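K.L.:
I am attaching a structure below and will ask some questions about it afterwards.
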Amino acid sequence: MELIPLSTPIITTNHNLFDVIVNAIKNAKVKLQDSDIITIATKIVSVTQGLLINKDEIEVSKEAKEYAKITQLSPEFMEVAIRESDEVLGACIGALLTRRNGYFMPNAGADQSNAPPGTIIILPTNPSQIAREIQQFLQEEFNCRIGVIIGDSRVQPLRRGTSGLALGVAGFVPVIDDRGRKDIFGREMKMTMRAIADNLMSAAEILSGEVDEKVPIVLVRNAPIILTDEDLTDTMSISHKECMYFSTFLPDDEDE
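Per the numbering used here, the very first residue in the sequence shown carries number 16; after that it's consecutive.
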């Protein structure tokens with residue numbers, strides 16, 4: 016498997032996302048091939064869609080002020096995190112633990128890093144639809160069948176550092192179900208599924224970084240993927256009752 020970084024300039028709301036991607040590919044002097052995967056950081060999607068909130072326009076609630084004391088983050092940032100979340104589960108220094116669109120994530124994905132001064136970036140509302148539009152555009156542009164991932168970084172329980180999280184996918188099977196297959200000793204797998212999209216996003220994040228790399232797009236080549244035109248976004252998440260971690264902490268009667 017090969018990872019090719021596709022650098023971009025600093026992206027602003029004046030940029031067209033499709034042009035940014037095509038220019039990054041051409042500037043790297045590569046041509047897309049069948050079964051290539053393009054990973055795209057959510058931040059450049061959000062910025063080109065104008066999903067920036069000016070801090071001085073935020074009306075802060077009492078709840079946000081209370082969480083700001085716990086997290087040691089600004090009340091304005093806490094207000095945005097609360098608004099963007101489906102549910103607030105708790106808070107600690109540095110983060111508000113939230114649930115959004117079936118995922119547990121700090122601050123509902125709102126972020127201030129690499130955001131223009133005085134602004135907060137929020138996540139795209141339908142990343143899989145955007146991924147599908149990008150996939151179809153690039154397939155026509157380069158005459159090949161590819162997959163697209165729109166993703167972000169995440170932290171995992173009791174692990175230090177960030178890895179990748181696929182929020183939107185198009186063109187390939189994001190989760191491969193190995194249940195029913197046998198291991199090298201003939202034992203049948205009962206639970207194993209592989210998060211292909213998340214793993215590819217994690218690999219891409221090694222090149223994309225989190226700071227000043229300016230590599231929000233990565234071309235993944237020769238990955239063992241299964242191409243499909245089916246929308247399989249919903250297969251990437253599960254309910255809290257199915258989760259071996261959170262089924263322990265959240266009540267059984269909680270609404271999904």
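C-beta atoms are modelled at their ideal positions from N, C-alpha and C, and glycine is treated no differently.
Remember, it's a predicted structure, so these values are computed and weren't measured experimentally.
1) If we ignore side chains and look at the alpha-carbon of each, how far apart do G183 and D249 end up?
2) Measure from the alpha carbon of A238 to the alpha carbon of each residue in S168, A130, I52, then state which is nearest.
3) On the DSSP bridge list, what partners appear for A110?
4) Flag this pair as yes or no: are the beta carbons of V60 and P189 separated by less than 8 Å?
5) Which of helix, strand or coil does DSSP assign to T23?
6) Ignoring anything shorter than 4 residues, give me the alpha helix (DSSP H) runs that lie fully in the segment 40 to 126, in order along the chain.
7) Can you check whether the CB of Q87 is closer than 8 Å to the CB of I68?
8) What does R169 pair with, by DSSP beta-bridge criteria?
9) Quick check: the segment 159 to 168 against the segment 250 to 261, are at least 3 beta-carbon pairs closer than 8 Å?
10) Cβ atoms of E78 and I97: under 8 Å apart, would you say?
11) So, helix, strand or coil for E271, using DSSP?
12) Across the segment 214 to 231 and the segment 168 to 186, are there enough close Cβ pairs to call them in contact, namely three or more that are closer than 8 Å?
13) What does the alpha-carbon distance come out to for the pair D198 and I191?
14) Just to confirm, does A238 get its C-beta within under 7 Å of one of the non-hydrogen atoms of the ligand ZN?
15) Using the C-alpha atoms, what's the distance from V62 back to Q150?
16) Please report how far the alpha carbon of Q154 lies from the alpha carbon of G186, in whole angstroms.
17) What does the alpha-carbon distance come out to for the pair A130 and K205?
18) Quick check: the Cα distance between T243 and S50, rounded to an integer number of angstroms?
P.N.:
In short:
1) 10 Å
2) I52
3) Looking at the DSSP assignment, A110 forms a beta bridge with C107.
4) no
5) coil
6) Runs found: 57 to 63, 77 to 86, 90 to 99.
7) no
8) S178
9) no
10) yes
11) In this predicted model, E271 has a pLDDT of only 46, less than 50, meaning its place in the structure is not dependable; the value taken from the coordinates is given anyway. Note: E271 maps to coil in three-state DSSP.
12) yes
13) 15 Å
14) As far as ligands go, the structure on display features none, and thus does not contain the ligand ZN.
15) 19 Å
16) Taken atom to atom, the span from the alpha-carbon of Q154 to that of G186 is near 10 Å.
17) 44 Å
18) 10 Å
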